[in-house]
Amino acid sequence: PTDSAQSVKYEPHLGGLWCYRCLFLSDACISYVTYLTEEKVYEILELCIGTELPEKLKSLQAKDEDKDENENEKAASSAATMEEDSEASSSRTGDSSQGDNNLQKLGPGHVSVDIDAINKVYTRLLSNEKIQTAFLNALVYLSPNVECDLMYHNVYSQDPNYLNLFIVVMENRDLHSPEYLEMAFKLPLAAQGKLIRLWSKYNADQIRRMMETYQQLITYKVISNEFNSRNLVNDDDAIVAASKCLKMVYYANVVGGEVDTNHNEEDDEESIPESMDPLETELGVKTLDCQKSLTPFEEFINELLKEVLEMHKDYTVFKVEAENKFSFMAYPFIVYAVTKNLGSYYDNRIHIITVLYSLVQGQQLNPYLRLIIRCDHIIDDAFVWLEMITMENPADLKKQFYVKFEGEQGVDEGGLIVEEIFNPDIGMFTYDEPTKFTGSAIYNNCILDVHFPMVVYRKLTGKKGTFRDLGDSHPVLYQRNVEDDMMITFQVSQTDLFGNPMMYDLKENGDKIPMTNENRKEFVNLYSDYILNKSVDKQFKAFWRGFHMVTNESPLKYLFRPEEIELFICGSQNLDFQALEETTEYDGGYTRDSILIREFWEIINSFTNEQKRLFWPFTMGTDRALVGGLGKLKKIIAKNGPDTERLPTSHTCFHVLLLPEYSGKEKLKERLLKAITYVKGFGML
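Just so we're aligned, residue 1 is where the sequence shown starts under full-length UniProt numbering, counting upward by one.
Written as structure tokens, this is what we have:
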């Protein structure tokens with residue numbers, strides 16, 4: 001049991017919510033209660049037994065009276081005692097202020113309520129059905145009063161302790177009405193920031209519990225309603241209110257995690273400012289700054305929303321910034337990457353159409369970027385074309401690629417060019433031209449067979465590489481124990497592209513400064529900065545410029561985290577062939593019920609994982625799946641003549657598999673295995 005000194009501080013505005021004592025005690029015992037403890041609440045509940053609680057609650061009127069001086073001293077004393085107790089209690093959140101002045105003006109990291117005690121009281125209150133109903137009714141009555149206080153009386157600026165009301169209410173696990181959820185996001189921006197900082201002191205389980213409360217409400221509303229193009233999910237008050245509250249919990253999850261607010265200043269100067277959430281400005285923290293959140297970001301995603309969200313209408317609301325309309329693109333943490341990717345796709349298509357219509361009228365406009373490439377000079381020709389386009393009309397880089405091979409019938413969409421560019425023998429990051437392909441991959445919604453460490457995507461969003469990033473990019477170096485290195489100094493050696501050794505001082509006169517236990521952390525940070533930032537500064541700037549030349553007008557950094565950007569560029573490693581079978585279309589005489597087609601899928605499903613990973617590049621040109629999985633892909637299997645000894649072929653850029661009508665299942669399997677084992681890249685008839 002919580003000691004009586006551990007109190008829930010009472011505010012006059014919480015009278016309708018908490019202080020029922022005057023209803024049940026005799027007139028001689030009635031006194032104006034200015035604070036509550038867990039024990040006092042239990043005592044009041046015992047006195048409530050046998051009374052008509054709902055009727056009494058409905059007639060209850062909140063009274064704003066001056067606090068009795070003796071009771072103020074008593075509340076301050078209780079708060080001071082609570083602070084001492086909190087130091088020894090891991091289940092409590094924040095610190096309490098001592099003295100009446102501090103109690104009235106709480107700092108950004110202080111809270112004057114006992115969260116653990118509140119949750120115990122909620123458990124007791126909501127276990128009784130009558131009390132639960134009356135309690136929720138009291139919350140509904142409280143909502144318009146709070147709204148009036150915030151919008152017209154400016155109560156929060158007069159008394160910062162008014163925030164305690166929201167701390168208490170938002171701990172309730174049965175928040176199923178939008179009326180009292182709306183109270184929280186009507187708080188001034190500064191108050192929302194303070195509430196988020198308070199919640200950021202919670203542990204992962206507490207954050208997850210709050211998150212699940214709002215997720216359950218959203219899920220319930222999605223399941224119990226029929227949303228469509230006329231009845232939009234964006235217009236549901238409960239879902240909108242829960243999403244806005246979930247946003248504050250999300251930022252608490254970010255602020256409470258491991259955060260790195262250092263940015264690449266040069267990148268920030270060159271880039272076009274991204275639309276920033278006002279809460280990010282208030283908190284001084286972006287989602288991109290979070291290296292490790294309290295709970296995984298994926299837990300904030302609601303699976304059912306993708307089934308009912310009309311993304312084209314949501315995107316329209318997002319672009320016009322309608323004040324009275326809600327857009328999930330402004331709350332990107334709650335929707336799947338594939339859904340956000342669709343919004344990004346609409347954005348890119350609109351930009352392309354705008355560019356086309358802005359060109360000189362009367363000319364025949366070409367929506368494609370047409371390149372003519374010699375097969376034996378893929379790199380040379382591609383770079384020459386890109387260089388010319390960059391100088392003459394950089395906007396053309398945002399068009400979809402259309403590659404014609406000189407002297408051949410084959411048509412490509414850039415796959416072979418990118419494959420050759422990322423050949424280790426060529427040397428990566430020497431030019432900025434390859435990165436235009438990377439940016440174009442996002443712009444045109446296609447995937448590339450590239451494998452960057454995550455720090456590259458973090459740096460593309462304006463972050464600097466840190467020691468934590470070495471774990472992914474240089475795992476051996478990351479696990480290396482510097483204490484075992486004898487006679488190491490602040491000078492390190494590296495080799496250039498041609499194998500020549502180079503010496504670099506991590507700080508001035510680094511070769512004369514030995515690494516010791518005292519300066520070990522400084523050495524690690526400087527070495528990490530050199531490896532991930534300074535040693536590749538020139539090359540990465542070129543890479544960054546090429547990437548942003550194509551994506552500078554896209555809401556990329558606002559909508560997506562680095563992990564999601566990697567997913568868009570490289571695709572997913574999860575290959576669900578069952579989903580692919582369900583969505584595949586057939587041409588040239590084949591149907592889903594054709595004997596050879598049934599045998600084909602039986603063979604594919606019997607393949608080992610390694611064989612499946614050989615089959616997929618053969619038909620797609622990459623070993624990854626598009627964002628959203630294979631079920632989102634439109635693949636075609638077409639008949640390529642009668643029985644023959646020829647191997648199956650494919651048009652990888654157009655997702656077409658050309659399959660002769662082989663005479664038997666064994667022959668089909670033998671021909672298919674030989675094709676995927678010994679043939680790589682572009683297939684021809």
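Note that beta-carbon positions come from the ideal geometry of N, C-alpha and C, so glycine has one too.
Asked	Found
Alpha carbon of Gln-158 to alpha carbon of Val-259, nearest angstrom	32 Å
Residues that Tyr-586 bridges to, as DSSP identifies them	Ile-637
Tyr-457 beta carbon less than 7 Å from that of Ile-565	yes
Backbone secondary structure at Lys-404 - three-state DSSP	strand
Between the CA atoms of Met-503 and Ser-535 - distance to the nearest angstrom	11 Å
8 Å contact criterion, which Ile-378 and Lys-404 should meet: CB distance rounded	Contact doesn't hold; Cβ gap of about 13 Å is too wide.
Three-way DSSP call (helix, strand, coil) for Lys-292 in this model	strand
Distance, Tyr-678 Cα to Ser-293 Cα	45 Å
Of the residues Leu-559, Lys-464, His-655, the one placed nearest Leu-532, counting alpha carbons only	Lys-464
Per-residue DSSP class, three states only, for Gln-573	coil
Where the alpha helix (DSSP H) containing Ser-473 begins and where it ends	467-473
Same chain, Cβ closer than 6 Å to Glu-581, five either side skipped, listed in chain order	Trp-601
Exposure of Asn-172, with buried meaning 16 or more beta-carbon neighbours within 10 Å	buried
Nearest neighbour of Phe-560, chosen from Thr-213, Asn-348, Tyr-141, Val-338 [CA to CA]	Val-338
For Asp-289 and Tyr-202, the rounded distance between their alpha carbons	19 Å
Val-113 - DSSP class collapsed to helix/strand/coil	coil
Best match in Lys-507, Val-656, Ile-595 for proximity to Tyr-662 [C-alpha to C-alpha]	Ile-595
Contact check, Tyr-336 vs Lys-313, beta carbons under 7 Å	no
Element boundaries [beta strand (DSSP E), containing Leu-371]	368-373
Simplified DSSP state of Pro-144, which is helix, strand or coil	helix
Residues near Phe-467 by beta carbon distance below 7 Å, same chain, minus five either side	Val-524, Asn-525, Ser-528
CA-to-CA distance, Glu-323 to Leu-369, given in whole angstroms	38 Å
Nearest-angstrom beta carbon gap, Ala-638 and Asp-587 [assumed within contact, 8 Å]	4 Å
Under the three-state DSSP convention, the category Pro-453 falls into	coil
7 Å CB neighbourhood of Arg-671 in its chain, flanking five on each side removed	Leu-647, Pro-648, Tyr-662
Beta-bridge pairing of Glu-258 - partner residues as DSSP gives them	Lys-292
Beta-carbon proximity of Ile-239 to Asn-302, cut-off 7 Å	no
Same chain, Cβ closer than 8 Å to Val-476, neighbours up to 5 away in sequence not counted	none
Closest Cα partner of Asp-472 within the set Val-455, Lys-459, Phe-326	Val-455
Expected contact under 8 Å - CB spacing of Asn-348 and Ser-554 to nearest Å	6 Å
For Asp-205, three-class secondary structure by DSSP	helix
Simplified DSSP assignment, three categories, for Met-503	strand
Alpha-carbon to alpha-carbon, Arg-598 and Lys-665	10 Å
Bridge partner(s) assigned by DSSP for His-263	Lys-463
Limits of the alpha helix (DSSP H) - the one that His-651 falls within	Counting along the chain, His-651 falls outside any alpha helix (DSSP H), though it belongs to the beta strand (DSSP E) covering 649-651.
Contacting residues, own chain, Cβ-Cβ under 6 Å from Phe-333 (five flanking each side not counted)	Tyr-250, Phe-300
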